[in-house]
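Q: Take this structure first; my questions come after.
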Ligand SMILES: Nc1ncnc2c1ncn2[C@@H]1O[C@H](COP(=O)(O)OP(=O)(O)OP(=O)(O)O)[C@@H](O)[C@H]1O
Ligand SMILES: Nc1ncnc2c1ncn2[C@@H]1O[C@H](COP(=O)(O)OP(=O)(O)OP(=O)(O)O)[C@@H](O)[C@H]1O
Ligand SMILES: [Mg+2]
Ligand SMILES: [Mg+2]
């Protein structure tokens, strides 16, 4: 099916998210949309999908103007979408999620779950997924959840499929599988819109590329364009794609972790007998597919996990069993994985967020009183230093874009007197310009002689930053390898295989 | 490159460790201690008689005569045994099964009744019959709460829905002389309150808790005002609703113990049985329920599959109001005639507690409401047989039991994820 | 006594403040209101009434009435005693009627109190005599003295009967000795009250004495549902005459003549004959009493009425002592 | 009120890349809020609620009903009757709450205003407590229980000890506040330790407190007045009674000054103190608070202690200020519930609560006069109050009713009471 968007303009209040956008997708083509965070890609797709109503412009399918009052209409017209943020209901089973919205029913509205299960099995078989229709979605690893999203989109025989950043949570292998599926769908005549920040993927699979910046189409690129050409087009300036760093000057071991176990609320050992050291002035990256215990490991270091055994010490003093506050005060900086949930208080101002984890002591608090004057100066300084783009330091943090939110968290953590820096997914979902900035700051931290732990599921990031890499699989460390280990070896380790010659 | 470990699927289960939870044994131990102090150390003599049948019953069961002291001692030994077993289970990091808790509760309650009724008779059917009656408005209210919160609208306004239902049903049934008309009016009243809740929380995006609280106040004020100005101006005409008669269901009503308790009731109670089943079945087995729960868990996800979130919320909140309205009718058409100011007396809040206690599940919420009704009626029975405890402490009983149950057994509960959050489309 | 009332009454404005029960409580607020309304009618003057909801309301309600120019204010219930006392002191030219509380001793306050235990004693005796199961029951709204005084008198009457006749009629729902018993926790005719009555019936009680405003309505329902033959005893007014339904159930009623008590005082005040001596309703002055048996005339034993008359005489002449911890005392 | 920040981008083409935004201070936001019509909306909301109240008064008025029976014969009669009913009611409301023209002289005439402030006193104190709990994400419906316990503690100290002036009052005050704090803190503790939901706990504890106090009040040797059989406490000793700050002519007592102090305290606590910062952080996002080293469970306990203490202060005002002649189990007078509405109307902000409390105090004071003068049930006041809260919370409705121009999309932050920490 041919899809055409004409003159789409979408405003949120006074913010113009899409500004007179034209886009055509030919039948059976994979069309990539590129753009920084907040460029308006998702918004455009949501307009196409009927989720948002555009102020101006029209959607045409096979040259027929469409009127979508809601996603129901769009789906009926043959449009399917895999959303950037999972649109799955965690407490429902896979089959229930897939059937939702077009349920087959029996007497009295009784759900025909068997039909839904059969459908899930059928699609799973066709694309080589292994998905249990009766599993609760909330219990599934994100990679599998992504497949459920895809099954959902496919179960309705869509003629146009939109994939909005589907690869953000996939392993390299899973990403490759997805590419294969996309090509398979394309060969069946489905048109595909593919949104991603990973330029490698774009060049691999795209037939055509459209770049959006600040709500406008700024140009088309061919799949043969180089990474830096694409990046420049996206950001509007040239971007450094590799992290410039000197070889590490490691000092003595700062963080020592020995025989660490973390047990979750169901009694599962999500971190299993993990031991490692991080030396002052080096970056240890913890690689692995999401959900293999990395999150819990970092949370255990910060004292956020209730059931932990083993030893954690920093510069010779034990951190085990201390409260979060004590651990923070011992000089541990922490960037949590989910910045909106765990890193920031969305309703608080930027300034308030900048003092969030020092809310009980000088310089921000004296005798129980907030030092608002000092806070204002401090926040202004950090806003400039970290280039936080905002109206003022009194803007709500929740209103910032993802990259800027991440900068607030970084500014807060890096402005403390650190003895250890732990960052989880520091660049997830943020644009290349911001990534560049974040990476620079992390290397600078290392160079200041602080041990740094980075958890990332992005191999690009791991390779770019790490002096050493620990790969986690099912709660255990598969091996710790040098920073220059080839990607394919890392990929295998992420799948739990220990290549010979690697110390386990 | 050789591999030493075979690749496994990511979703394969992890090694499991042991979590020891001492909550259950501690709770058991506390109650066992109370039992020892009260039933053994402070034991009583005599015979405690549990009467299982009424004179009118076709099948007569002989009353159970418990020698008070002996029964108490035996039961306390059983309680100690259960506590020891639970401690052993916990020390081996095994879960304490639900049946054990139920056994413990039954044994404790039996011991308590035996102790309290030394030399007296406890009418077991009466105790249970009253339980059903006292729970009825709570059950209707909590069903309304469950539906509303499952679809994503926090329903603090149950009290208002009950009160509005009671008021309008009394008025309409009186004027028409027809209790069925009153029942319909009660539904309408509940729906009207729901409409306010829905309009303000969905259309005007006012915090749902605020709307709920304020609606309770509004309905209380409005019904009291109209009661003083209208209903009392001509009580025989405006506030003398006919009651539904009690209907005995043939055969079923003759089942020993349960028959008189469950099947000699007014039509409102029979509607309640149906409502509990229908709401449960509907929520978990039908398209309606699936969509409803989807909207309450993740409205945006529901939207993306073509479910219209706000209309779904609106109409289901209305249904919730209709069901809660029935509960209001129970006050005036099923129980004691006539409306009085603020006659629901906090039942809506208890129903709200039952919703949370029952973890937003219609069956569990019903059980929670029944527990509350049981404790209330136990208080009645103990007061009547003269247990010597000051009446205020007996009146406290249902509330204290609920606190213990919530703090000791339920603990942390999580409602529908999107409950209380407005859905705003761009 | 109506002759010269007109000019005295012309600027006479009687007013009444209820306690939290409100004027439709089927109890003392309502009786007092009716008494005043009748008197006002008789005098041909207007009256004003205000209801209280909470404890906060008493003082402001009284002072609002003073502001409205009321010159006689009846305050109903012991809860209003302090507010009344304070208002009386502040407004010496306004007259007050204080119902159910005898603690105020002031020139302009007339306490009206009732020794209902005396009448309840008779009712208890009658109930014991009537009971076929040998069990009679009572329950109350809340454990207030104005409530338990009925229960005390009732239980004492039963005990007197047992002693006199060598019987063993049992009282369920109230223990005089320990002052503990059955209460609904409020004064609403609700399901709790109904279940309480049901429970008492389940204890084989075949006479019920529900004490507290409209809760007798719940007892009527409970009796109807039980299918048993259970009689009731009313409180305050002769409920056989005033209740909208269930008349046939009333063995008798314990009368507390508040309506006529208030009526008399209002009428007197309207005729400038107000005096502040406390009025204590007793069997002697017919301020309390028991109602006729009405439909039960033929069901009670032939000798009962005679025995009751003797006991009444005994109570009046002091040979039978009826004391309740809750008996009112006038200062 | 810095809650609504309209996103104003200087250039439509460059929605996010323009770093040169004007700096806007908080006071500017308050100003712009008023200019944007929040103040006007509030006034109109009150007006609209009063109009609905007037309709209710009119249709239930007997004269109006009689006159409307022959409406077409003499419509003037009906209109006149409506005018009489409504003006009589609201006139009495005004005279009872602000200025009574029927009294001679300003000093007498202004007494109603002081009554308004007297009634506002416990309302504000309790609403501050409930508002603070709201800010921490806790819904404290337990005002009744906390007030009762506090009243009992303060009352007990107030009538049983003979202490010097000043010391006695301070001690009674302290006892009450501590009592309320502990009763509230119990909820926080149970929630923190067992995860039990505070809504259930507070509801249940209301009843427990009520029956506990009822029992103590009728048990000689506990709270019952010696020599009396009524369930009532003795009167407070002179030394424990709050002095009347405007002289004996007016009822306004020291409690009002205490409540001003409490408001300042609450404002300082929430906006200027470290503890308040943690309160708000936990209220807005307990997960982030936890990660930032804030002990969320302890915060719940502290918040409920402070909340209970402030609600307890209201109980103290009742026994030592409003009804000093001895209290019974109804001494809370529904304030614990009214305070929820006041806290909501004041948007859980201390000075907002203060203003809302004064408004509700006025309604309460005026309600008595309205009932006494016109025989209108006081419940009408409840109706109007609740409508005001609803309308103020829904500005678009008011705009529609009064044909005001629409405003751009603005999202209002409201006290979130449904957030919880995920159990980890
Ligand atoms: N519902 C909304 N209300 C207000 N503003 C919105 C809304 N959704 C998106 N925006 C804003 O519109 C702009 C475009 O957002 P959009 O999600 O389309 O970006 P994107 O290109 O998908 O970015 P990303 O790569 O981060 O997903 C951003 O500035 C965003 O903050
Ligand atoms: N309803 C109101 N009536 C009178 N003054 C008010 C009201 N609301 C706020 N104010 C004024 O605003 C100032 C700040 O009030 P408040 O503490 O309630 O807001 P805030 O807490 O600073 O806002 P935020 O929660 O955004 O920090 C006070 O000094 C007060 O003068
Ligand atoms: Mg996007
Ligand atoms: Mg503030």
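Protein chains in written order, with our numbering: chain X, 3 to 506; chain S, 55 to 480; chain F, 42 to 372; chain E, -11 to 412. Glycine included, each C-beta is placed from N, C-alpha and C at the ideal position. Keep in mind that this is a model prediction, so the values were computed, not measured.
1) Report the neighbours of residue 73 of chain F on chain E: residues whose CB is nearer than 8 angstroms to its CB, in chain order.
2) For the segment 294 to 325 of chain X, which segments carrying the beta strand (DSSP E) assignment without a break, of at least 3 residues, lie completely within its bounds, in sequence order?
3) How would you list, in chain order, the residues of chain S whose beta-carbon sits under 9 angstroms from the beta-carbon of residue 107 of chain X?
4) Pick from S:87, S:449, S:381, S:92: whose alpha carbon is nearest that of residue 198 of chain E?
5) Tell me, please, whether the CB atom of residue 366 of chain E is closer than 8 angstroms to any CB atom in chain F?
6) May I ask you to report which of helix, strand or coil DSSP gives residue 52 of chain E?
7) Taking the CB atoms as reference points, tell me whether residue 228 of chain F and residue 254 of chain F lie closer together than 8 angstroms.
8) Please report the residue range of the alpha helix (DSSP H) in which residue 155 of chain X lies.
9) In terms of residues, what are the limits of the alpha helix (DSSP H) holding residue 82 of chain S?
10) Since residue 395 of chain S meets chain F, which of its residues come closer than 8 angstroms, beta carbon to beta carbon?
11) Residue 103 of chain X versus chain S: which residues are under 9 angstroms apart at the beta carbon?
12) Measure how close the beta-carbons of residue 223 of chain S and residue 291 of chain S come, nearest whole angstrom, since I'm counting them as under 8 angstroms.
13) Quick one: give me the first and last residue of the beta strand (DSSP E) that residue 178 of chain F is part of.
14) Please go through the segment 93 to 180 of chain E and give each complete alpha helix (DSSP H) segment of 4 or more residues, from N-terminal end onward.
15) Assuming residue 284 of chain E contacts residue 270 of chain E under a Cβ cut-off of 8 angstroms, what Cβ separation, rounded to an integer in Å, is found between them?
16) Let me know the secondary structure DSSP gives residue 392 of chain X once reduced to three states.
17) Spell out a yes or no on whether the segment 340 to 352 of chain S and the segment 101 to 118 of chain X are touching, meaning 3 or more CB-CB pairs, one atom from each, closer than 8 angstroms.
18) Examine chain E for any beta-carbon lying closer than 8 angstroms to the beta-carbon of residue 159 of chain F, and answer yes or no.
19) Residues bridged to residue 124 of chain S by DSSP?
20) Nearest by alpha-carbon distance to residue 131 of chain E: which of E:114, E:125, E:33, E:143 is it?
21) Going by DSSP, what residues sit across from residue 56 of chain F in a beta bridge?
22) With DSSP collapsed to three states, give me the class of residue 387 of chain X.
23) Helix, strand or coil for residue 379 of chain S, going by three-state DSSP, please let me know.
24) Is there at least one Cβ from chain E nearer than 8 angstroms to residue 164 of chain F's Cβ?
25) Please list the partners that residue 312 of chain S has in chain F, where partner means a Cβ-to-Cβ separation under 7 angstroms.
26) Between the Cα of residue 374 of chain S and those of S:212, S:150, S:82, S:187, spot the shortest distance and give me the residue it belongs to.
27) Hey, would you say residue 269 of chain S sits closer than 8 angstroms to residue 404 of chain S, going by beta carbons?
28) I want to verify the contact list: residues of chain S whose CB lies under 7 angstroms from the CB of residue 91 of chain X, in sequence order.
29) Counting along the chain, where does the beta strand (DSSP E) carrying residue 39 of chain S start and finish?
30) List the endpoints of the continuous beta strand (DSSP E) containing residue 474 of chain X.
31) Using Cβ-Cβ distances below 7 angstroms, what residues of the segment 467 to 485 of chain X are close to chain S?
32) The beta strand (DSSP E) that contains residue 33 of chain X, what's its start and end?
33) CB-CB under 6 angstroms to residue 59 of chain E, same chain, minus the five flanking residues each way: which ones, in chain order?
34) Have a look at the DSSP bridge pairing and note the partners of residue 320 of chain S.
35) DSSP three-state call for residue 61 of chain S: helix, strand or coil?
A: Concretely, from the data shown:
1) On the third chain, residue 73 of chain F is found 32 positions in, with the first residue counted as 1. Those do not exist, as residue 73 of chain F stays about 17 angstroms from chain E at its closest Cβ, beyond 8 angstroms.
2) Counting only unbroken stretches of 3 or more residues, the beta strand (DSSP E) elements lying wholly within the segment 294 to 325 of chain X are 310 to 316, in sequence order.
3) Numbered from 1 along the first chain, position 105 holds the residue referred to as residue 107 of chain X. Within chain S, the residues whose beta carbon sits less than 9 angstroms from that of residue 107 of chain X are 340, 341, listed in sequence order.
4) As a first step, residue 198 of chain E must be located in the fourth chain, where it is residue number 210. Ranked by Cα distance from residue 198 of chain E, the options S:87, S:449, S:381, S:92 are led by S:449.
5) The residue you call residue 366 of chain E lines up with position 378 of the fourth chain. Output row for residue 366 of chain E: interface = yes.
6) To locate residue 52 of chain E, count along the fourth chain from 1; it is residue 64. Correct three-state label for residue 52 of chain E: helix.
7) Counting from one through the third chain, the residue named residue 228 of chain F turns up at place 187. Counting from one through the third chain, the residue named residue 254 of chain F turns up at place 213. Result yes, Cβ atoms of residue 228 of chain F and residue 254 of chain F sit closer than 8 angstroms.
8) Here residue 155 of chain X refers to the residue found at position 153 when the first chain is read from its first residue. Run containing residue 155 of chain X: 144 to 156, per the alpha helix (DSSP H) assignment.
9) Here the question's residue 82 of chain S lines up with position 28 in the second chain. Start and end: 77 to 89.
10) Locating residue 395 of chain S in the second chain gives position 341, counting from the first residue. The contacting residues are 63.
11) Along the first chain, read from residue 1 onward, the residue named residue 103 of chain X stands at position 101. Simply 345, 348, 356, 358, 359, 360, 361.
12) Counting from one through the second chain, the residue named residue 223 of chain S turns up at place 169. Counting from one through the second chain, the residue named residue 291 of chain S turns up at place 237. 15 angstroms between Cβ atoms; not a contact.
13) The residue given as residue 178 of chain F occupies position 137 in the third chain. From DSSP, the beta strand (DSSP E) with residue 178 of chain F extends over 176 to 181.
14) Counting whole runs of 4 or more residues, the segment 93 to 180 of chain E contains the alpha helix (DSSP H) stretches 93 to 97, 99 to 123, 131 to 148.
15) Working through the fourth chain from its first residue, we reach residue 284 of chain E at position 296. Working through the fourth chain from its first residue, we reach residue 270 of chain E at position 282. Contact between residue 284 of chain E and residue 270 of chain E holds: their C-beta atoms lie close to 5 angstroms from each other, under 8 angstroms.
16) The sequence position of residue 392 of chain X within the first chain is 390, counting from 1. Shown here, residue 392 of chain X sits in coil according to DSSP, grouped into three states, outside any helix or strand.
17) Yes, the segment 340 to 352 of chain S is in contact with the segment 101 to 118 of chain X.
18) Against the third chain, residue 159 of chain F aligns to sequence position 118. For residue 159 of chain F, the answer is no, since every Cβ of chain E falls outside 8 angstroms of its Cβ.
19) Within the second chain, the letter at position 70 stands for residue 124 of chain S. Residue 124 of chain S has no beta-bridge partner at all, per DSSP.
20) Numbered from its first residue, the fourth chain carries residue 131 of chain E at position 143. The shortest Cα separation from residue 131 of chain E among E:114, E:125, E:33, E:143 belongs to E:114.
21) Walking along the third chain from the start, residue 56 of chain F turns up at place 15. Bridge partners of residue 56 of chain F according to DSSP: F:89, F:114.
22) On the first chain, residue 387 of chain X is found 385 positions in, with the first residue counted as 1. Residue 387 of chain X falls in the helix class under three-state DSSP.
23) Reading the second chain from its first residue, position 325 is the one you call residue 379 of chain S. Correct three-state label for residue 379 of chain S: helix.
24) Looking up residue 164 of chain F in the third chain gives position 123. Residue 164 of chain F has a beta carbon lying at 8 angstroms or more from every beta carbon in chain E.
25) Within the second chain, residue 312 of chain S is the residue found at index 258, counting from 1. Going along chain F, no residue has its Cβ under 7 angstroms from residue 312 of chain S, so there is no contact; the nearest lies around 17 angstroms.
26) Walking along the second chain from the start, residue 374 of chain S turns up at place 320. Selection S:212, S:150, S:82, S:187 evaluated against residue 374 of chain S yields S:212 as nearest (Cα-Cα).
27) Here residue 269 of chain S refers to the residue found at position 215 when the second chain is read from its first residue. Here residue 404 of chain S refers to the residue found at position 350 when the second chain is read from its first residue. It is not a contact, given that the beta carbons lie outside the stated cut-off.
28) For the purposes of this step, residue 91 of chain X is taken as the residue at position 89 of the first chain. The answer, in chain order, is 348, 351, 352, 355.
29) Past the edges of chain S, shown from 55 to 480, lies residue 39 of chain S, and the structure says nothing about it.
30) Position 472 of the first chain, counted from the first residue, corresponds to residue 474 of chain X. Per DSSP, residue 474 of chain X belongs to the beta strand (DSSP E) from 470 to 475.
31) Residues 476, 477.
32) Within the first chain, residue 33 of chain X is the residue found at index 31, counting from 1. Counting along the chain, the beta strand (DSSP E) containing residue 33 of chain X begins and ends at 32 to 36.
33) As a first step, residue 59 of chain E is located in the fourth chain; it is residue number 71 there, counting from the start. So the qualifying residues of the chain are 66.
34) The residue given as residue 320 of chain S occupies position 266 in the second chain. Beta-bridge analysis with DSSP links residue 320 of chain S to S:300.
35) Sequence index remark: in the second chain, residue 61 of chain S carries index 7 (1-based). Residue confidence for residue 61 of chain S is low, a pLDDT of 37 falling below 50, so the modelled location carries little weight; the figure read from the coordinates is stated next. Residue 61 of chain S falls in the coil class under three-state DSSP.
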